[in-house]
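Below is one structure, written out as structure tokens; comments come after it.
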Amino acid sequence: SAFEQLRNLAVSRIYLDNIEHLTAYWVSLGLPLAQVSLSYGVDDLHGTILEEKIFHMAGATTPQQQSVAALEHTIREAGREPVQRDSYYRHISARPTAATRTIPAPVEPACA
Numbered sequence: 094s095a096f097e098q099l100r101n102l103a104v105s106r107i108y109l110d111n112i113e114h115l116t117a118y119w120v121s122l123g124l125p126l127a128q129v130s131l132s133y134g135v136d137d138l139h140g141t142i143l144e145e146k147i148f149h150m151a152g153a154t155t156p157q158q159q160s161v162a163a164l165e166h167t168i169r170e171a172g173r174e175p176v177q178r179d180s181y182y183r184h185i186s187a188r189p190t191a192a193t194r195t196i197p198a199p200v201e202p203a204c205a
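Quick note: to get this note's numbering, add 93 to the position in the sequence shown (first position is 1).
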């Protein structure tokens with residue numbers, strides 16, 4: 094059940110304190126439950142998957158892929174800030190939020 098999955102994630106965060114990151118695989122949990130898991134010790138939603146087959150061959154009915162925008166929206170709705178990372182959890186880039194985006198100043202055309 095969803096409760097058991099969230100409980101397992103929370104207990105994992107407490108007892109496996111030597112493991113730095115805990116990932117929710119949204120393909121198996123579903124995106125709504127993966128979003129809730131961010132409040133139960135999870136600090137990573139497995140990224141944009143091009144095409145997931147294993148869970149779906151076993152009967153999963155969750156979407157097979159998510160866009161970057163959908164994942165960012167889900168993470169922000171959970172009160173977190175999305176950050177792109179590599180396989181070693183090093184930050185690659187933080188995508189600009191509406192508050193940090195800047196609009197470039199207009200450029201005057203060069204006169205010949």
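Each residue gets a CB set at the ideal place from its N, CA and C atoms; glycine is no exception.
Close Cβ partners of residue i (< 6 Å) along its chain, the five nearest in sequence each way excluded
i, result
"residue 134", "102, 103, 106 and 115"
"residue 137", "114 and 116"
"residue 155", "120 and 123"
Residue environment, residue i, which counts as buried when at least 16 other CB atoms sit within 10 Å
i, result
"residue 127", "buried"
"residue 164", "buried"
"residue 159", "buried"
"residue 120", "buried"
Beta-carbon proximity list for residue i, same chain, < 7 Å, skipping 5 on both sides
i, result
"residue 99", "129, 130 and 133"
"residue 178", "184 and 185"
"residue 118", "139"
"residue 181", "none"
Presumed contact (8 Å Cβ cut-off) between residue i and residue j, rounded CB distance
i, j, result
"residue 46", "residue 124", "The question about residue 46 has no answer, for the chain in this structure spans 94 to 205."
"residue 175", "residue 169", "7 Å"
Cβ neighbours of residue i in the same chain (closer than 8 Å, five flanking residues each side left out)
i, result
"residue 173", "131"
### Task
Taking only runs that begin and end inside the segment 155-184, name each unbroken alpha helix (DSSP H) of 4 or more residues, in chain order.
161-170
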